[in-house]
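**Q**
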Ligand code: ARG
């Protein structure tokens with residue numbers, strides 16, 4: 244248990260490290276010339292209070308498809324991203340839309356496997372990965388992360404009446420744990436030396452939904468997944484419950500290619516404006532009501 248917490252702590256450290264990096268890479272007022280050569284709209288001059296506003300930095304942005312912001316996600320992660328009929332909705336979808344609007348780009352959402360998102364951003368297939376994605380030290384080797392817009396903790400879903408009552412029961416027993424492939428839940432749980440159950444007792448699924456089906460069918464004993472999707476899955480399926488073990492916090496942020504510093508700056512500026520004007524809080528409250 245202790246080691247598990249320690250492992251989670253390294254994610255937090257990685258997260259703070261990332262914010263340091265993100266602010267260092269901010270090009271101070273780099274877009275002044277570019278912006279002044281364009282017609283300044285009312286919105287642009289209003290937004291000019293911040294050092295480099297989202298509107299100003301948009302002049303420099305290059306994206307995979309001109310005029311579009313291509314976002315990769317995995318839409319089996321309610322309330323961050325999920326299908327509502329043909330549409331992909333949720334906190335990430337709405338925040339990304341608000342960011343794209345600020346940058347004058349059209350948001351295009353691609354629903355892909357979670358464990359292909361980082362590689363796709365890195366290779367220039369997608370502009371951003373926005374998928375309730377936790378900032379980790381390892382991922383920071385491949386991509387940049389924006390400032391964080393939300394937090395999560397890992398939870399354990401079991402069947403109601405399960406003899407697994409704590410994370411210690413889970414680790415000490417012979418139980419099988421389902422995870423979504425490539426997620427932080429997968430990383431922590433497969434690492435037996437750092438408090439996980441170890442590789443032999445992990446069952447990897449393409450998405451949280453498939454893991455829930457396997458749990459209900461008795462093929463696995465528990466699922467390790469972020470707390471909000473865990474709550475959503477438990478609400479949507481009878482006979483499941485969440486272990487009340489409190490885990491250390493993870494930071495969610497948008498992944499952006501290391502080759503696109505201008506996009507990182509523009510997205511951070513947009514997120515900053517959307518935080519200050521209350522848009523982000525409003526979107527989160529819509530999907531995770533506190534009252
Ligand atoms: N926060 C976890 C991670 O970054 C899980 C994210 C899964 N997201 C998804 N859209 N399926 O690894």
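Residue numbers (our numbering): 244 to 534.
Where is the CB? At the ideal position from N, CA and C, for every residue including glycine.
1) For residue 487, does the count of other Cβ atoms within 10 angstroms reach 16, so buried, or fall short, so exposed?
2) Whose C-beta lies closer than 6 Å to the C-beta of residue 505 among residues of the same chain, with five residues either side of it excluded?
3) Using CA atoms only, rank isn't needed, just tell me which of 391, 510, 467 and 318 is closest to residue 494.
4) Kindly list the residues whose CB is nearer than 6 Å to the CB of residue 315, restricted to its own chain and excluding five residues on each side of it in sequence; keep chain order.
5) So what does DSSP say about residue 498, is it helix, strand or coil?
6) Among the residues of its own chain, which have a CB less than 6 Å from the CB of residue 464, if the five just before and after it don't count?
7) Which one of 339, 329 and 330 has the shortest CA to CA distance from residue 312?
8) When the Cα of residue 415 is compared with those of 396, 399, 438 and 422, which residue comes out closest?
9) Quick one: residues in its chain with C-beta nearer than 6 Å to the C-beta of residue 325, no 5 flanking neighbours on either side, listed in chain order?
10) Given a cut-off of 7 Å on the beta-carbon distance, is the pair residue 320 and residue 532 in contact?
11) Looking at the secondary structure, which residues open and close the alpha helix (DSSP H) in which residue 348 lies?
12) Looking only at DSSP bridge pairs, what is residue 387 linked to?
13) Is residue 484 helix, strand or coil when you go by DSSP?
14) Report yes if the C-beta of residue 372 is less than 6 Å from at least one heavy atom of the ligand ARG; otherwise report no.
15) Whole-angstrom Cβ separation of residue 434 and residue 447, contact assumed at under 8 Å?
16) Do residue 517 and residue 523 come within 7 Å of each other at the CB atom, strictly closer than that value?
17) For residue 477 versus residue 485, is the C-beta spacing smaller than 7 Å?
18) When the Cα atoms are used, what is the spatial distance from residue 427 to residue 309?
19) Within 6 Å: the Cβ of residue 377 and any heavy atom of the ligand ARG?
20) Consider the C-beta atom of residue 427 and the heavy atoms of the ligand ARG; say whether any pair is separated by less than 6 Å.
21) Which residues mark the beginning and the end of the alpha helix (DSSP H) in which residue 508 is found?
22) If you reduce the DSSP assignment to three classes, tell me which class residue 359 lands in.
23) For residue 333, which three-state DSSP category applies?
24) Compute the minimum distance between the beta carbon of residue 411 and the heavy atoms of the ligand NAD, and state whether it is under 6 Å.
25) For residue 343, tell me which candidate among 399, 513 and 385 has the shortest Cα-Cα distance.
26) Using only the heavy atoms of the ligand ARG, determine whether one of them is closer than 6 Å to the beta carbon of residue 357.
27) Give the secondary structure of residue 314 by DSSP, where H, G and I count as helix, E and B as strand, and everything else as coil.
**A** Taking the coordinates as given:
1) Classification of residue 487: exposed, given that the 10 Å Cβ count is below 16.
2) 303 and 304
3) 391
4) 353, 355, 360, 363, 369 and 372.
5) strand
6) Beyond the five residues adjoining it in sequence on each side, residue 464 comes within less than 6 Å, by CB distance, of 418 and 419 in the same chain, given in chain order.
7) 339
8) 438
9) 318 and 333
10) no
11) It is not in any alpha helix (DSSP H) - residue 348 carries neither H nor E in the DSSP assignment.
12) 499
13) strand
14) no
15) At roughly 14 Å, the Cβ-Cβ gap does not stay under 8 Å, so residue 434 and residue 447 are not in contact.
16) yes
17) yes
18) 33 Å
19) yes
20) yes
21) 504–519
22) helix
23) coil
24) Although the ligand NAD was asked about, the structure shown includes only the ligand ARG as ligands.
25) 513
26) yes
27) strand
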